[in-house]
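Okay, structure first, notes after.
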Amino acid sequence: MTPLAISLDVFGSLDFWIGVGLLAATYGIFTLGLQLNVGYTGVINFGQAGFMAIGAYAMAILVVEAEISFWLALPLSILVAMAAGLIIGLPSLRLRADYFAIVTIAFAEIIRYTAVNARELTGGSQGIGGFDGAFLDLSDAMLEVLDGVGLGDQFLLPLLIVAVAVFGLLTVGMYFLQRSPWGRVLRAIREDEDAARALGKNAFAYKLQSISIAAALGAVAGWFLALNLAFISPTQFDPLFTFLGYAVLILGGLANYFGVILGAIILWTLLEGLRLMDLPLDASQTAALRYVLVGLVLIGLMAFRPQGMLGKRQEMVLGD
Amino acid sequence: MQAAEAGAVEKQQGTLSSLGTRASLSPAAVAGLIVLAIAVALIVTQGLRPFGQTTVNGLISASYFALGAVGLTLVYGTLKLVNFAHGDLLTLGAYVAFVANVSLGLPILVAVLCSVAAVAAFGVATERAMWRPMRAKGAGLLQLLIMTLGLAFVIRYTIQLFAGTQPRSLEVDITSSTSVIGLTIGQTQLIVVVVGFGVLLAVGAMLRLTSLGKQMRALSDNFELAEVAGINTDRVVLATWIFAAGLAGLAGVLYTSAIGNMTPNLGFFLLLSLFAAVILGGIGNAYGALAGGVLLGLTQEWSTLLIDARWKLAVGFLVLILVLVVRPQGLFGRQARTL
Numbered sequence: 117m118t119p120l121a122i123s124l125d126v127f128g129s130l131d132f133w134i135g136v137g138l139l140a141a142t143y144g145i146f147t148l149g150l151q152l153n154v155g156y157t158g159v160i161n162f163g164q165a166g167f168m169a170i171g172a173y174a175m176a177i178l179v180v181e182a183e184i185s186f187w188l189a190l191p192l193s194i195l196v197a198m199a200a201g202l203i204i205g206l207p208s209l210r211l212r213a214d215y216f217a218i219v220t221i222a223f224a225e226i227i228r229y230t231a232v233n234a235r236e237l238t239g240g241s242q243g244i245g246g247f248d249g250a251f252l253d254l255s256d257a258m259l260e261v262l263d264g265v266g267l268g269d270q271f272l273l274p275l276l277i278v279a280v281a282v283f284g285l286l287t288v289g290m291y292f293l294q295r296s297p298w299g300r301v302l303r304a305i306r307e308d309e310d311a312a313r314a315l316g317k318n319a320f321a322y323k324l325q326s327i328s329i330a331a332a333l334g335a336v337a338g339w340f341l342a343l344n345l346a347f348i349s350p351t352q353f354d355p356l357f358t359f360l361g362y363a364v365l366i367l368g369g370l371a372n373y374f375g376v377i378l379g380a381i382i383l384w385t386l387l388e389g390l391r392l393m394d395l396p397l398d399a400s401q402t403a404a405l406r407y408v409l410v411g412l413v414l415i416g417l418m419a420f421r422p423q424g425m426l427g428k429r430q431e432m433v434l435g436d
Numbered sequence: 219m220q221a222a223e224a225g226a227v228e229k230q231q232g233t234l235s236s237l238g239t240r241a242s243l244s245p246a247a248v249a250g251l252i253v254l255a256i257a258v259a260l261i262v263t264q265g266l267r268p269f270g271q272t273t274v275n276g277l278i279s280a281s282y283f284a285l286g287a288v289g290l291t292l293v294y295g296t297l298k299l300v301n302f303a304h305g306d307l308l309t310l311g312a313y314v315a316f317v318a319n320v321s322l323g324l325p326i327l328v329a330v331l332c333s334v335a336a337v338a339a340f341g342v343a344t345e346r347a348m349w350r351p352m353r354a355k356g357a358g359l360l361q362l363l364i365m366t367l368g369l370a371f372v373i374r375y376t377i378q379l380f381a382g383t384q385p386r387s388l389e390v391d392i393t394s395s396t397s398v399i400g401l402t403i404g405q406t407q408l409i410v411v412v413v414g415f416g417v418l419l420a421v422g423a424m425l426r427l428t429s430l431g432k433q434m435r436a437l438s439d440n441f442e443l444a445e446v447a448g449i450n451t452d453r454v455v456l457a458t459w460i461f462a463a464g465l466a467g468l469a470g471v472l473y474t475s476a477i478g479n480m481t482p483n484l485g486f487f488l489l490l491s492l493f494a495a496v497i498l499g500g501i502g503n504a505y506g507a508l509a510g511g512v513l514l515g516l517t518q519e520w521s522t523l524l525i526d527a528r529w530k531l532a533v534g535f536l537v538l539i540l541v542l543v544v545r546p547q548g549l550f551g552r553q554a555r556t557l
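Chains H and B, in that order, give the protein sequences.
Anchor point for the first sequence: position 17 equals 133 in our numbering, and the numbering is continuous, going up by one each time.
Anchor point for the second sequence: position 66 equals 284 in our numbering, and the numbering is continuous, going up by one each time.
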């Protein structure tokens with residue numbers, strides 16, 4: 117009897133890496149929003165999963181119930197998410213960092229709760245499917261092209277290509293946004309809000325913009341999640357995923373958008389690898405083990421290397 | 219022009235202070251009046267019996283909300299630590315009781331004591347192993363917050379690793395019910411309320427009357443000043459953790475007894491309600507947490523008279539957001555501390 121038969125075969129399969137790539141891109145985009153809020157504005161947003169849910173559900177509901185074109189539903193869902201960001205930010209951003217964190221998590225739970233209970237609108241726990249028709253047409257066209265290089269049977273590859281491209285573009289975009297005057301004011305607010313306000317900057321407005329942009333990024337992540345599974349349901353928007361986003365954030369390092377790329381790839385390789393490895397545990401135990409590891413990673417990083425991989429130590433200062 | 223402005227300010231201050239002396243009702247008293255008004259309105263519109271029944275249910279919820287909230291608020295007050303792992307201390311309490319009661323066959327009372335002791339010990343261990351070293355290192359708010367998140371994951375999923383996700387139950391009577399002044403309540407649930415409120419009163423008395431209680435409140439109020447006054451802060455911090463974690467363990471056992479089962483997610487599920495109770499009462503204020511827990515429990519259950527019961531939990535979250543937006547210092551908090 118083999119004592120601990122762990123199979124590492126999974127790491128050799130293309131399917132696995134496409135799956136990892138998709139998750140890394142999806143949660144990478146998700147975490148770009150967190151980086152903007154936490155790393156650059158000093159605002160602790162624990163509700164990002166809620167914005168992701170709004171983006172995904174808004175898109176799905178618009179396509180399936182209101183029968184709006186998929187390509188039009190995408191920007192509309194961003195607008196809905198940004199509006200939600202404003203609604204939650206306006207009354208709450210004046211609160212202290214830890215109170216704001218609690219409000220955002222309450223907001224995300226209300227969204228998820230509504231998704232479960234407003235069955236006529238959101239399909240309840242059963243969820244919504246059937247919104248990806250238009251994208252599948254595009255995907256099929258791309259698959260025909262890929263057939264030429266022998267990859268025509270990798271069903272998710274077109275989505276991966278689009279997701280990675282969008283993730284890359286958004287990362288570069290956020291990087292340049294940060295180097296603009298707007299980005300500098302954001303940094304100033306994070307370092308010393310009173311000083312920024314003394315110079316006449318409307319800190320509140322900047323923070324509100326930060327939340328709205330993060331909401332938009334969360335919504336985009338929501339699209340890719342929805343397209344990946346061809347189906348959305350409330351369980352995909354559990355606060356757990358916000359905290360996984362924080363694991364990516366901390367791993368990559370605060371105040372560094374390229375760190376998000378690194379953190380996302382590493383975390384999701386780890387998580388998916390553990391999920392698909394042949395461990396002598398049943399399914400719920402494997403899931404539990406993965407999340408115990410995430411917890412230990414979070415604790416360990418905060419205790420011994422809070423700046424993560426690409427962050428700078430002094431960036432961990434958050435006004436207390 | 220300056221004189222006129224000064225005169226205007228004085229006049230305003232004069233008006234405000236006279237308002238203060240004429241109608242000085244504490245926010246808690248105002249809240250009490252509002253609750254009374256709501257209760258009367260509900261009795262009139264919904265009938266006495268439904269009101270009575272939901273009040274009974276509310277008191278059951280209040281038992282574990284209040285006990286869980288006291289611990290959360292004490293730890294925040296003394297250590298300024300928003301402990302996102304607190305909910306999982308309740309889960310830990312429930313599962314330790316399960317191991318003692320079901321796996322080891324011990325009587326439920328012994329199991330409860332084991333639970334309280336185990337979670338209290340765990341709380342002290344986290345203080346020694348995690349929070350004290352981090353405080354010594356000068357860790358910032360974000361670092362500590364994320365560590366509590368990590369700890370929450372570790373507790374919750376370690377429990378899941380060993381116990382799985384299927385609901386478990388303690389060996390308590392979850393089917394028979396009794397009648398109290400014409401309202402039905404489960405037998406076990408009645409015990410939950412009695413034990414819960416009994417412990418609540420004991421905790422309140424301890425905080426008010428014993429010197430340790432006073433020291434805990436002093437630390438919660440102003441840590442540096444308490445140190446300057448000669449209080450042995452290390453000892454009091456330890457005592458705070460023992461209380462906070464022990465009460466959390468008890469709250470977990472009460473919750474699982476009242477609901478009838480437990481899953482590894484029970485703590486996180488309750489956590490937001492606990493935050494709501496804490497913030498409603500005023501963070502850092504132990505009496506506030508007790509009052510907040512009772513108010514939250516009653517509000518949640520009364521809301522089922524007006525809206526569909528499945529939205530019950532959302533009511534808690536809405537209360538939380540409402541309080542933070544309208545009066546972040548809660549009922550018992552003072553203006554200065556919180557914004």
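Built from N, CA and C at the ideal position, the CB exists for glycine as well.
* To do: Please go through the stretch 392–432 of chain B and give each complete alpha helix (DSSP H) segment of 4 or more residues, from N-terminal end onward.
  => 405–427
* Asked: Are the Cβ atoms of residue 548 (chain B) and residue 506 (chain B) separated by less than 9 angstroms?
  -> In the second sequence, residue 548 (chain B) corresponds to position 330, counting from 1. In the second sequence, residue 506 (chain B) corresponds to position 288, counting from 1. Yes, the Cβ-Cβ distance between residue 548 (chain B) and residue 506 (chain B) is below 9 angstroms.
* To do: Closer than 6 angstroms by C-beta to residue 220 (chain H): which residues in its own chain qualify, once you throw out the five before and the five after it? Chain order, please.
  => Here residue 220 (chain H) refers to the residue found at position 104 when the first sequence is read from its first residue. For residue 220 (chain H), where only same-chain residues beyond five positions count, the Cβ hits under 6 angstroms are 161, 162, 163.
* Mind pulling the chain H residues with CB within less than 9 angstroms of residue 493 (chain B)? -> Residue 493 (chain B) sits at position 275 when you count from the first residue of the second sequence. Correct list: 218, 221, 222.
* To do: Kindly indicate the opening and closing residues of the alpha helix (DSSP H) around residue 230 (chain H).
  => Here residue 230 (chain H) refers to the residue found at position 114 of the first sequence. Residue 230 (chain H) -> alpha helix (DSSP H) spans 213–233.
* Are residue 551 (chain B) and residue 494 (chain B) closer than 9 angstroms when you measure CB to CB? -> As a working mapping, residue 551 (chain B) is identified with position 333 in the second sequence. As a working mapping, residue 494 (chain B) is identified with position 276 in the second sequence. Going by C-beta atoms, residue 551 (chain B) is not nearer than 9 angstroms to residue 494 (chain B).
* Using a Cβ cut-off of 8 angstroms, pull out every chain B residue sitting near residue 401 (chain H), in sequence order please. => Within the first sequence, numbered from 1, the residue matching residue 401 (chain H) stands at position 285. Near residue 401 (chain H) (Cβ distances below 8 angstroms), the residues of chain B are 378, 379, 382.
* Asked: Nearest chain H C-beta to residue 391 (chain B) closer than 9 angstroms, yes or no?
  -> Taking the first residue of the second sequence as position 1, residue 391 (chain B) is located at position 173. It does not: the Cβ of residue 391 (chain B) has no partner Cβ on chain H nearer than 9 angstroms.
* To do: Ignoring anything shorter than 3 residues or poking outside the stretch 443–474 of chain B, list the beta strand (DSSP E) runs there in chain order.
  => none
* To do: Using a Cβ-Cβ cut-off of 9 angstroms, state whether residue 283 (chain H) counts as contacting chain B.
  => Counting from 1 along the first sequence, the entry for residue 283 (chain H) is found at position 167. Judged by the 9 angstroms Cβ criterion, residue 283 (chain H) is not in contact with chain B.
* Chain-order list of residues whose beta-carbon lies under 8 angstroms from that of residue 390 (chain H) (same chain, five-residue window excluded) -> Working through the first sequence from its first residue, we reach residue 390 (chain H) at position 274. Excluding residues within five positions, the ones whose Cβ falls inside 8 angstroms are 402, 405, 406, 409.
* Asked: In chain B, which residues lie less than 8 angstroms from residue 215 (chain H) when you measure between Cβ atoms?
  -> Stepping through the first sequence from its first residue, residue 215 (chain H) is reached at position 99. Chain B residues near residue 215 (chain H): 497, 542, 546, 556.
* For residue 486 (chain B) versus residue 306 (chain B), is the C-beta distance shorter than 9 angstroms? -> The count along the second sequence starts at 1 and reaches residue 486 (chain B) at position 268. The count along the second sequence starts at 1 and reaches residue 306 (chain B) at position 88. Yes, the Cβ-Cβ distance between residue 486 (chain B) and residue 306 (chain B) is below 9 angstroms.
* Rounded distance between the beta-carbons of residue 283 (chain B) and residue 511 (chain B), thought under 8 angstroms -> For this step, residue 511 (chain B) is matched to residue 293 along the second sequence. For this step, residue 283 (chain B) is matched to residue 65 along the second sequence. That belief holds up - the Cβ atoms of residue 511 (chain B) and residue 283 (chain B) are roughly 4 angstroms apart, short of 8 angstroms.
* So residue 361 (chain H) packs on residue 368 (chain B), CB below 8 angstroms; how close in whole Å? -> Counting from 1 along the first sequence, the entry for residue 361 (chain H) is found at position 245. Counting from 1 along the second sequence, the entry for residue 368 (chain B) is found at position 150. The pair is not a contact, with the Cβ atoms about 14 angstroms apart (cut-off 8 angstroms).
* **Nearest-angstrom Cα separation, counted from residue 245 (chain B) out to residue 416 (chain H)** => Reading the first sequence from its first residue, position 300 is the one you call residue 416 (chain H). Reading the second sequence from its first residue, position 27 is the one you call residue 245 (chain B). So the two alpha carbons sit approximately 43 angstroms from each other.
* **Under 9 angstroms (Cβ pairs) to chain B, residues found in the stretch 198–213 of chain H** => 204, 207, 208, 210, 211, 212, 213
* Taking residue 405 (chain H) as the query, report the chain B residues whose CB atoms sit under 8 angstroms from its CB, ordered along the chain. => Here residue 405 (chain H) refers to the residue found at position 289 when the first sequence is read from its first residue. The contacting residues are 375, 379.
* Sequence-distant residues of its chain with Cβ nearer than 8 angstroms to residue 186 (chain H) (five each side left out) -> The residue you call residue 186 (chain H) lines up with position 70 of the first sequence. Closer than 8 angstroms at the Cβ level, and outside the excluded window around residue 186 (chain H), lie 175, 179, 247, 248, 249, 250, 251.
* Quick one: is residue 385 (chain B) buried, meaning 16 or more other Cβ sit within 10 Å of its Cβ, or exposed? -> Here the question's residue 385 (chain B) lines up with position 167 in the second sequence. By the 10 Å Cβ count, residue 385 (chain B) comes out exposed.
* **Terminal residues of the alpha helix (DSSP H) in which residue 296 (chain B) lies** => Your numbering for residue 296 (chain B) matches position 78 in the second sequence. 266–297 is the span of the alpha helix (DSSP H), which, as asked, contains residue 296 (chain B).
* Asked: Which bits of chain B does residue 411 (chain H) rub up against, with CB to CB less than 9 angstroms?
  -> Reading the first sequence from its first residue, position 295 is the one you call residue 411 (chain H). Going along chain B in sequence order, the residues near residue 411 (chain H) (Cβ under 9 angstroms) are 367, 368, 369, 370, 371, 372, 373, 374, 375, 376.
* Give the secondary structure of residue 300 (chain H) by DSSP, where H, G and I count as helix, E and B as strand, and everything else as coil. => Here residue 300 (chain H) refers to the residue found at position 184 when the first sequence is read from its first residue. DSSP places residue 300 (chain H) in helix when its eight states are reduced to three.
* Is it true that the CB of residue 139 (chain H) sits closer than 9 angstroms to the CB of residue 372 (chain H)? -> Within the first sequence, the letter at position 256 stands for residue 372 (chain H). Within the first sequence, the letter at position 23 stands for residue 139 (chain H). The answer is no: Cβ separation not under 9 angstroms.
* Classify residue 245 (chain H) as helix, strand or coil using the three-state DSSP reduction. => Along the first sequence, read from residue 1 onward, the residue named residue 245 (chain H) stands at position 129. If DSSP states are grouped into helix, strand and coil, residue 245 (chain H) belongs with the strands.
* To do: Answer with buried or exposed for residue 124 (chain H), where buried requires no fewer than 16 other C-beta atoms within 10 angstroms of its C-beta.
  => Position 8 of the first sequence, counting from 1, holds the residue named residue 124 (chain H). Looking at its Cβ environment, which holds fewer than 16 other Cβ atoms inside 10 Å, residue 124 (chain H) is exposed.
* Asked: Which residues in the same chain as residue 155 (chain H) place their Cβ atom closer than 6 angstroms to its Cβ, once the five residues preceding and following it in sequence are excluded?
  -> On the first sequence, residue 155 (chain H) is found 39 positions in, with the first residue counted as 1. Closer than 6 angstroms at the Cβ level, and outside the excluded window around residue 155 (chain H), lie 370, 371.
* Can you give me, in chain order, the residues of the stretch 292–324 of chain B that have a beta carbon less than 7 angstroms from any beta carbon in chain H? => 300
* residue 306 (chain H), buried or exposed, once every other Cβ within 10 Å from all chains shown has been counted against 16 -> Here residue 306 (chain H) corresponds to residue number 190 of the first sequence, with the count starting at 1. Classification of residue 306 (chain H): buried, given that the 10 Å Cβ count is 16 or more.
* **Simplified DSSP assignment, three categories, for residue 374 (chain H)** => Position 258 of the first sequence, counted from the start, is the residue given in the question as residue 374 (chain H). Three-state DSSP puts residue 374 (chain H) in a helix.
* List the residues that DSSP assigns as beta-bridge partners of residue 480 (chain B). => What you label residue 480 (chain B) is simply residue 262 of the second sequence in a count that begins at 1. Paired residues: B:386.
* So with Cβ pairs under 9 angstroms, would you call residue 532 (chain B) a contact of chain H? -> Along the second sequence, one-based indexing puts residue 532 (chain B) at 314. Yes, because at least one Cβ of chain H sits closer than 9 angstroms to the Cβ of residue 532 (chain B).
* **Anticipated Cβ contact below 8 angstroms, residue 364 (chain H) with residue 229 (chain H), distance rounded** => Mapped onto the first sequence, residue 364 (chain H) falls at position 248. Mapped onto the first sequence, residue 229 (chain H) falls at position 113. No, residue 364 (chain H) and residue 229 (chain H) are not in contact; Cβ-Cβ is about 25 angstroms, not under 8 angstroms.
* Could you give the C-beta distance for residue 542 (chain B) and residue 497 (chain B), rounded to a whole number, given that I count them as a contact under 8 angstroms? -> Here residue 542 (chain B) is taken as the residue at index 324 of the second sequence, counted from 1. Here residue 497 (chain B) is taken as the residue at index 279 of the second sequence, counted from 1. That pair is a contact at about 6 angstroms.
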